[in-house]
Structure formats: structure tokens, C-alpha cells
Amino acid sequence: MKNIAIIGSGSWGVALAVHLAGLGNNIKIWSFMEEERDIINNEKRCKFLPGLILPENIYCSTSFEEVIKDSDFIIHVTPSKFTRSTFKQYKQYVGDRPIIICSKGFEKETLKTLDEVILDEMPESKVGVLSGPSHAEEVSTAIPTALVIASKNQDILTMIQNTFMSENMRIYTSNDVKGVELGGALKNIIAFCAGVAAGINLGDNSFAALITRGLKEISRLGIELGGEEDTFYGLSGLGDLIVTCLSQHSRNRKAGYLIGQGKSLEETKKEVGMVIESIDNIDVAYQLGKIHNIEMPIVETVYKVLYENLDPKEAVKKLMTRDKKVE
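Each residue of the sequence shown is one higher than the last, beginning at 76 in the working numbering.
As C-alpha cells, then:
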């Protein structure tokens, strides 16, 4: 049994809490909002996962100190854009506790991955990254799921594998922190594109081409940034890409769908109602591609759809009529 601190009370943070509580661990969740804290504590519900009843061994607080003290490790699950500002507020309580990053994205202002953000703020941190094909809606209801934990620290790999593993969750280990983190962040972009494709009524052929060529693009950039090629064909790359591109649960896919249907970016954000990581990720990947001189036609085209008002149907035409290539 572990005492586990979870920083973030969104759907993924609560889904992980439910899984870990079901295995007998004591869970404390930090929430930014008193309203969410009260719903979790008093009604044993999560507003992002309707119908779910939370176990009694989950407690929520708005106090970082209360959540982190006595914990064995910390799970960080805030939106990427708030990673640095949130960590600044609780790093004084971390001590030598491992920090497991479960968010997927970049810091837009610096183009840094989230492990780099944490290590910027606290260079001596022991960091791991947990990623893979995993919708909160399914993990919270014990649908079998496989994830990968990446860390340079063998003790973290062993601890997370032993703590999370069950008949409903299988955990693999990896030393490729950069590859696992980049796979999780970059796949959001292709999921957004899949939503756009659905929004303009493209077919199965189009989705297959998008996923295949999209994976090639994100692996090309990811390898340049320090990830290992095999990682992008594993759970945090291909696995997460498939589930996010094809599932109705995906908010990134939904955002792309709404853009494909002609909604504005502001209308899309309002309708989705939660943070859409892909929107910032598209900008970051576009900038990184330019900096490292990486050919990324899908990323460049969806960037123009989002930020330069390129019509989605015209975007497809541009991609299909590019110069002839060898696969």
C-alpha cells in the first residue's frame, strides 16, 4: 500500500486515483477549485466522469502541503500550460519524492517538454513519465489498458510498475524519457487532424494515410529531439496515436472535428469545455520543425488551418498534390 499525491483533479487525475485506490492505496488529490474538491469529498463524484462513484480512500484538498506530506510519490496531471506555475507552488514540499508526469504536451513559451520544465525548476528531481493509449473514461471503469513508464531511475520504474500493475492495467518500462514524452505530446496533433478529416467527411482510406504518414512525421521530429525510433512504434507513440485518432472520447479529435465543421477556434474551445493540448502542440511542433529543419507537411498544413485560416478542404488538396516522393 502506498500514499500517493495526485496534482490535478481533471478526468485523467481522477481516473488514475480510482485505479490506484482500487488496489488499496491511499490517494490525496490536489484541486485548484474548491467546487471540485467538495464534489469529490462530499458527493464522491467527478464532474468530468459522470456516473462514476469514487472509492472512500480518495480525498481531495486545495492545499499542496496537505496532499503531498506523507506521500511516497507525486503524480503530476495538470494541463501542460500550467505545469511550471503549478510546480513552482508545490516544489517546496517535494523533497526526494519521485514526480511522475502524466500530462502530455509542451511548454509553449519555451518549446520544452514537461520533464525539462520540472528539471528547470528543481534540477535534483527524480522524474518519470507515464504515457500510452489510455482514455480516462475507460481506465476509471477498469477496461484493460497498457501503459509505459519511462525514467532514468530504475527505482522509479520498479515502483510504478509494481504499484500500478493489475489484471486491468499492464505497465511496461522504458529508459527513453524523451521518446515517451514526445510520443504522447506529438500524437495530439495528428488526432486533431483526424478530427478535421472526420469533420469534412473523409473516409477510412484518408484516416489510414493520415495515421501512417502522421506517425512518420512525429517520429522524424521526435528522433531529432532525442527520442529513440522504436519508442514511436510502441505504446506512447503508435498506441496512443491510434486511440486518440479513432475514439469519440478524444477531446483533441473533437476539437479538430469542430474546426472541420466550420467552427471558429473560440467556439471550439467553448464547446469542448476542457483544455485542448493539441492547439498549443501544433504551434510548438511547427516551430520545432522549422528550427531543426524537419520536413513536416501535415503539421505545417494544420498550422495554417488553425492560425492562417486555410480552408480544411483546401488543406487536403495541398497535401495530396505535393511533389512526388519515395515512401
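Note that the Cβ used here is the ideal one computed from N, Cα and C, for glycine as well.
Whole-angstrom distance between residue j and residue i, CA atom to CA atom
i    : j    : result
I162 : G278 : Position check: residue 162 holds Phe in this sequence, whereas Ile was assumed. Taking the straight line joining both Cα atoms gives about 43 Å.
K262 : L321 : 12 Å
R245 : I293 : 25 Å
F239 : L95  : 7 Å
I231 : G180 : 21 Å
S160 : G85  : 17 Å
K144 : S226 : 23 Å
V204 : I275 : 35 Å
Q362 : Y378 : 10 Å
F107 : T158 : 13 Å
P208 : I104 : 23 Å
S325 : I102 : 26 Å
Neighbour-count burial assignment, residue i, 16 or more Cβ in a 10 Å radius
i    : result
V374 : buried
T220 : buried
G337 : exposed
D59  : One cannot answer for residue 59 here, as it falls past the ends of the chain, which runs 76 to 402.
M371 : buried
D251 : buried
N368 : exposed
N237 : exposed
K253 : buried
V401 : exposed
D315 : buried
Contact belief for residue i with residue j at Cβ below 8 Å, rounded distance in angstroms
i    : j    : result
L313 : L290 : 6 Å
V347 : S215 : So it is not a contact: roughly 19 Å between Cβ atoms.
D190 : I176 : 6 Å
L340 : L381 : 7 Å
I137 : R112 : Sequence check: residue 137 is Thr here, not Ile. Confirmed, about 6 Å.
A80  : L124 : Not a contact, Cβ separation roughly 20 Å.
L129 : I115 : 6 Å
G258 : T306 : 6 Å
Opposing strand residues paired with residue i [DSSP bridges]
i    : result
H151 : I82 and I176
N101 : N78
E140 : In the DSSP output, where bridge partners are listed per residue, E140 has none listed.
C135 : I104
E109 : Its beta-bridge partners do not exist; DSSP assigns none.
Original post:
Residue ranges of each alpha helix (DSSP H) run of no fewer than 4 residues wholly in the stretch 186-251, ordered along the chain?
Top reply: DSSP runs (the alpha helix (DSSP H)) wholly in the stretch 186-251: 189-196, 211-214 and 229-239.
Secondary structure, beta strand (DSSP E): runs of 3+ residues fully inside the stretch 290-346
Within the stretch 290-346, complete beta strand (DSSP E) segments of at least 3 residues are not found at all.
Legend entry - Segments assigned alpha helix (DSSP H), at least 4 residues, entirely inside the stretch 343-370: The qualifying runs are 352-366.
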